[in-house]
Amino acid sequence: MNEMNSNYIKIILTVSFLEGASVMGVELIGAKLIAPWFGTSLYVWTSVLGVSMLGLASGYYIGGHLSYRQAQGNLLKKLLLLATLFVGVMPLTAPLIMSATQMMDVRLGSLIASLIFIFPPLLLMGMVSPMIIRYCTLEKNHTGKIAGLVFAASTIGGVLSVLLSGFYFIPLLGLNYASWLFAGLMLIATGVAHFASRYKC
Numbered sequence: 042m043n044e045m046n047s048n049y050i051k052i053i054l055t056v057s058f059l060e061g062a063s064v065m066g067v068e069l070i071g072a073k074l075i076a077p078w079f080g081t082s083l084y085v086w087t088s089v090l091g092v093s094m095l096g097l098a099s100g101y102y103i104g105g106h107l108s109y110r111q112a113q114g115n116l117l118k119k120l121l122l123l124a125t126l127f128v129g130v131m132p133l134t135a136p137l138i139m140s141a142t143q144m145m146d147v148r149l150g151s152l153i154a155s156l157i158f159i160f161p162p163l164l165l166m167g168m169v170s171p172m173i174i175r176y177c178t179l180e181k182n183h184t185g186k187i188a189g190l191v192f193a194a195s196t197i198g199g200v201l202s203v204l205l206s207g208f209y210f211i212p213l214l215g216l217n218y219a220s221w222l223f224a225g226l227m228l229i230a231t232g233v234a235h236f237a238s239r240y241k242c
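Adding 41 to a residue's 1-based position in the sequence shown gives its number in this note's numbering.
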């Protein structure tokens, strides 16, 4: 792995870190946005976590297929930018979505609400990791190592995000500003991906 490839990987791992942090932020904020209408029961958390896993799994699958397309760097930036938009509008669209579903049974209502405003950003974020892995392992024999680094960076970002969000961001900033904070992180990830595109893996 030459110096240029090494530099690229160090930079692109920052994208994985920020993406992982934003994933957990979206899950926590999504659950808190649903709570005023549907509560915080086991049903609600089941809906939020189930939809979150579905969104990520779908993103992994689709991202794996998209990773074989040309101009992956441009596609990655577009996905990150679109995810930024979805995360940023979460607190703005939540009241409309919740008011339309609050008369439903708590299980169905919380499930549909989660599908509408949690699933889309997590679907997009889920596409990121397989695309990074594919792009960094073209014609290289480091697939396992790169995959491990990407998922480690993403998971570490998620762990820090959970702790900081639960202890500081959400209590101190409120849901709106916390959501916009994570949208800002995704925007930074987009900028990092753009900067990284000058390197060749």
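We put the CB at the ideal spot given by N, CA and C, even for glycine.
Residue i and residue j look like a contact to me (Cβ under 8 Å); what is the Cβ gap, rounded to whole Å?
i: S93; j: L163; result: 6 Å
i: F223; j: G66; result: 4 Å
i: S202; j: I70; result: Going by Cβ atoms, the distance from S202 to I70 rounds to 10 Å, so no, they are not a contact pair.
i: P132; j: L216; result: 5 Å
i: I211; j: K73; result: 6 Å
Among the options, which residue has its Cα nearest to the Cα of residue i?
i: G189; options: L165, S47 and L54; result: L54
i: G91; options: F160, T184 and F210; result: F160
i: S82; options: R148, T178 and V64; result: R148
i: W78; options: S47, L165 and L137; result: L137
i: S238; options: L95, Y176 and H183; result: Y176
Return the first residue and the last residue of the alpha helix (DSSP H) that residue i is part of.
i: G105; result: L83 to L107
i: M145; result: Taken as a continuous stretch (DSSP letters only), M145 belongs to no alpha helix (DSSP H), as it is neither H nor E.
Determine, using beta carbons only, whether residue i and residue j come nearer to each other than 8 Å.
i: V169; j: L121; result: yes
i: A124; j: T142; result: no
i: A230; j: E60; result: yes
i: V191; j: I52; result: no
i: G185; j: Y101; result: no
i: I187; j: I75; result: no
i: P171; j: G105; result: yes
i: F58; j: I197; result: yes
i: F158; j: T134; result: yes
i: A98; j: G199; result: no
i: S108; j: S151; result: no
Are there any heavy atoms of the ligand NAD lying less than 7 Å away from the beta-carbon of residue i, as far as the coordinates show?
i: T231; result: Judged by which ligands are present, the structure shown has none, so any question about the ligand NAD falls away.
* Can you check the segment 159-203 for any beta strand (DSSP E) of at least 3 residues that lies completely inside it and give the ranges in chain order? => Counting only runs of 3+ residues, no beta strand (DSSP E) is found wholly inside the segment 159-203.
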